[in-house]
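Engineer:
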Amino acid sequence: MDDEYLKMFFDEAEEYIQSLNENILTLEENPDDSEVINSIFRAAHSLKGMAATMGFDRLTSLTHRLENALDMIRNDELMLDAEMIDSLFAGLDLINDLVDDIKATGEEKTDVEEYVEELNAIIETHSSGGVSSQMEKSDDEFGGEKKTGNEKELKLDISAEDRAEIKKQLGAGENVLEVDVRLAEESQLKSVRAFMVLKKADELGYLVKSEPSRYEIENDDIEVGGEISLLLISSIAPEEIEEEFCHIIDVESAELALLELDDGDKEKQEDSDQEDDDGTAESEIEVSPTVRVDIDKLDNLMNMVGEMLINKTQLEGLDIDDEIFNDIIQQLDRVTMDLHHTVMQIRMVPIGGIFNRFPRLVRDLSRELDKEVDLNIEGADTELDRSIIDELADPLVHIIRNAVDHGIEKARRQGGEGQTSHGKDRYQGLSEGQ
Amino acid sequence: MSKEVMIVDDAAFMRMMLKNILADGDFEVVAEAEDGREAVEKYEDLNPDLVTMDITMPDMDGLEAVERILEMDESANIIMVSAMGQQKMVVEAVEAGAEDFIVKPFEDERVLEAVNKVFS
């Protein structure tokens, strides 16, 4: 395996693990925040994809299990309590261990079987009648347009307007068909795939309507499920239509039904355009556009800037009385100073980087010691030289451990009011002169 | 003769990944571009059979690059490379004339499936 691949894999995996840590903490505080759940899900999903790409089987299977659990949480099928969160964190730690294993030995050593069994057990006890709630949800998603199945098991309701449109558009030798296209479960970006199905329908004939509607699909208003039903007028042979649809990637099957519409049928079905404002606007995990640079290179740069400063000073010392020369010297002076300043700045990193692990640390400690602690971090954007920050991490962890361990009392009920004691741990980043 | 492909992505990791997948699928990666502008320039020079186009890039995003390339060559084959959550932009790209799309993270078969389909 290419080393460069691995290095990028580690860098990215660490970013995802960090973001998972933060987001699961946020989730514990705001269990209903669907955006957080979504980003946790996405991070797990991306990790799974990366692990699978790199051929790390345990990591893949572990993240896959977690992803499933997260999906259930997202669909409100799993009760989210402290135990569940603990279990998510435990899974995350295993991910971390596996990544460390790979980093150290190139192989996955940590066993995940036991955890997967535990997770399954927890899912069992926390699941809230999964199937039925999923059914309800899919009903909602289709805007309440579902009808109790008469009408030859067609999935589309055909309104009076639809009939009128069909009548107007239907030419000689053309058929009216309902096409039920099913997308593969693992299909990604289903709404875009659905859009491509619509596009294909446009090529094959006249698309009267679809469920979900074109509007919903194009605007990504609803989460497109695995199925798209189309009402299509076409002169092309049904088998050929089926083949055309199946040719689209991720289309698992396309079932066709010929419709015969007699005019006598006066069924009035309002086409309800209810949209589910579920807001599927997903954002990518934020990774700031940075480059990683070897610290040696920065030191080198620093030394060269130093040399340049000396040269500049020597030039200044020359006794030359020339206007242009003096201008140039002045400019050189400004540029070298700026350069020096910039190089120093580059070496500075926000101390927040090492604060990242504190919330998780404090949470674990507070669970372990049965103490309630609010961690308040201020000044995370304070910048320090890289080498100092590296040295600071361990002592700070120690301080926080001690503070929680010895400085905060165990949670206990106080009086009859039911109040609990909350400790506040305050750590403030300080910089020179502050 | 193997088909010539240009990979457009601002992330070196993704380019490398795609390059290896495509090389295994017997495609020849003739160019890589880090942003849309470079992609348009290189397309003009090299006229590859296929372009894989990332969406979010500095200095001209994938959408605009698709439009520019199709202006130059309306028969250009472009596959969008998208991350989760970019539905709308992929739809726009497909509307603009991109052939298909693949989603990061890649799975080899899916990438090759999409690419092969373009040439089938």
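Here the protein sequences line up with chains A and B, keeping their order. Just so you know, we're using the numbering used here here: the first sequence kicks off at 1 and counts up by one. Just so you know, we're using the numbering used here here: the second sequence kicks off at 435 and counts up by one. No residue lacks a Cβ here, since even glycine has one placed at the ideal position from N, Cα and C. Bear in mind that the values here come from a model prediction, so they are computed numbers and not experimental data.
When you compare only the Cα positions, how much space is there between A/Y206 and A/I249?
Structural biologist: 22 Å
Engineer: Would you call the CB atoms of A/R193 and A/L183 closer than 8 Å?
Structural biologist: yes
Engineer: In chain A, what lies closer than 8 Å to B/F535 by C-beta?
Structural biologist: L189 and V192
Engineer: Fully enclosed by the stretch 514-553 of chain B, which alpha helix (DSSP H) runs are 4 residues long or longer?
Structural biologist: 521-530 and 542-553
Engineer: So with Cβ pairs under 8 Å, would you call B/M518 a contact of chain A?
Structural biologist: yes
Engineer: In the stretch 184-269 of chain A, which residue ranges form an unbroken alpha helix (DSSP H) of at least 4 residues, counting only runs that do not cross its ends?
Structural biologist: 190-204, 214-218 and 238-247
Engineer: Can you list, in chain order, the residues of the stretch 528-552 of chain B whose Cβ is nearer than 9 Å to any Cβ on chain A?
Structural biologist: V528, E529, D534, F535, I536, V537, K538, P539, F540, E541, D542, R544, E547, A548 and K551
Engineer: Examine the Cβ distances between the stretch 522-529 of chain B and the stretch 463-480 of chain B and report whether three or more of them are shorter than 8 Å.
Structural biologist: no
Engineer: Exposed or buried, B/P482, counting other C-beta atoms within 10 Å across all chains shown (16 or more means buried)?
Structural biologist: buried
Engineer: What separation, rounded to the nearest whole angstrom, lies between the Cα atoms of A/I17 and A/Q330?
Structural biologist: Roughly 49 Å separates the two Cα atoms.
Engineer: Determine the DSSP secondary structure at B/E466, reduced to helix, strand or coil.
Structural biologist: Note: B/E466 maps to strand in three-state DSSP.
Engineer: According to DSSP, which residues form a beta bridge with A/L177?
Structural biologist: A/L232 and A/L258
Engineer: Give me whichever residues DSSP pairs with B/L484 in a beta bridge.
Structural biologist: B/V439
Engineer: Compute the beta-carbon to beta-carbon distance between A/A393 and A/I354, rounded to the nearest angstrom, for a pair I have assumed lies under 8 Å.
Structural biologist: Right, their Cβ atoms sit about 4 Å apart.
Engineer: Are the stretch 47-57 of chain A and the stretch 3-21 of chain A touching, with three or more C-beta to C-beta distances below 8 Å?
Structural biologist: Yes: the two stretches touch, three or more of their Cβ pairs being nearer than 8 Å.
Engineer: For B/A457 and A/E118, what's the separation of their Cα atoms in angstroms?
Structural biologist: Their Cα atoms are separated by approximately 42 Å.
Engineer: From what residue to what residue does the beta strand (DSSP E) around A/E383 run?
Structural biologist: E383 to D385
Engineer: Using CA coordinates, which residue listed in A/D76, A/S61 and A/E83 is at the minimum distance from A/E113?
Structural biologist: A/S61
Engineer: In or out: B/P492 buried (at least 16 other Cβ within 10 Å) or exposed?
Structural biologist: Exposed, because fewer than 16 other Cβ atoms sit within 10 Å of the Cβ of B/P492.
Engineer: Using a C-beta to C-beta distance shorter than 7 Å, which residues of chain B count as neighbours of A/R65?
Structural biologist: Per Cβ cutoff of 7 Å: no residues; A/R65 is ~18 Å from chain B at best.
Engineer: Within 8 Å (strictly less), CB to CB, does A/Y16 reach chain B?
Structural biologist: no
Engineer: Would you list the residues sitting across from A/S159 in a DSSP beta bridge?
Structural biologist: Answer is none; A/S159 lacks a bridge partner.
Engineer: Ignore the nearest five residues each way along the sequence and tell me which others in A/L309's own chain have a CB closer than 7 Å to its CB.
Structural biologist: T336 and H340
Engineer: Tell me the DSSP secondary structure of A/L365 in three-state form.
Structural biologist: helix
Engineer: From this set, A/V362, A/L59, A/D71 and A/P395, which residue's C-alpha is nearest A/L92's C-alpha?
Structural biologist: A/L59
Engineer: If we ignore side chains and look at the alpha-carbon of each, how far apart do A/A121 and A/Q188 end up?
Structural biologist: 29 Å
Engineer: Considering only residues of the same chain and omitting the five flanking positions on each side of A/I236, which have a CB-CB separation below 7 Å?
Structural biologist: L204 and G205
Engineer: According to DSSP, what are the bridge partners of A/P350?
Structural biologist: A/E383
Engineer: Which residues in chain A sit within 8 Å of B/M451, going by Cβ to Cβ distance?
Structural biologist: Y5 and T53
Engineer: Within 8 Å, do at least three Cβ pairs link the stretch 24-42 of chain A to the stretch 79-90 of chain A?
Structural biologist: By the C-beta criterion, the stretch 79-90 of chain A is judged to be in contact with the stretch 24-42 of chain A, since at least 3 inter-stretch pairs fall below 8 Å.
Engineer: Cβ closer than 7 Å: which chain B residues qualify as neighbours of A/S46?
Structural biologist: P539
Engineer: So, for A/R65: in the same chain, excluding its five sequence neighbours on each side, which residues have a beta-carbon less than 7 Å away from its beta-carbon?
Structural biologist: V116 and L119
Engineer: To which residues of the same chain is B/D443 closer than 6 Å at the C-beta, ignoring the five residues directly before and after it?
Structural biologist: R449 and D488
Engineer: How many angstroms separate the CA atom of B/V524 from the CA atom of B/F535?
Structural biologist: In this model, B/V524 and B/F535 are separated by some 7 Å (Cα to Cα).
Engineer: Beta carbon of B/S516, beta carbon of B/K538: below 8 Å?
Structural biologist: Taking C-beta atoms as the reference points, B/S516 and B/K538 count as a pair closer than 8 Å.
Engineer: Please name the residue in B/I513, B/Q521 and B/M506 whose C-alpha comes closest to that of B/A548.
Structural biologist: B/I513
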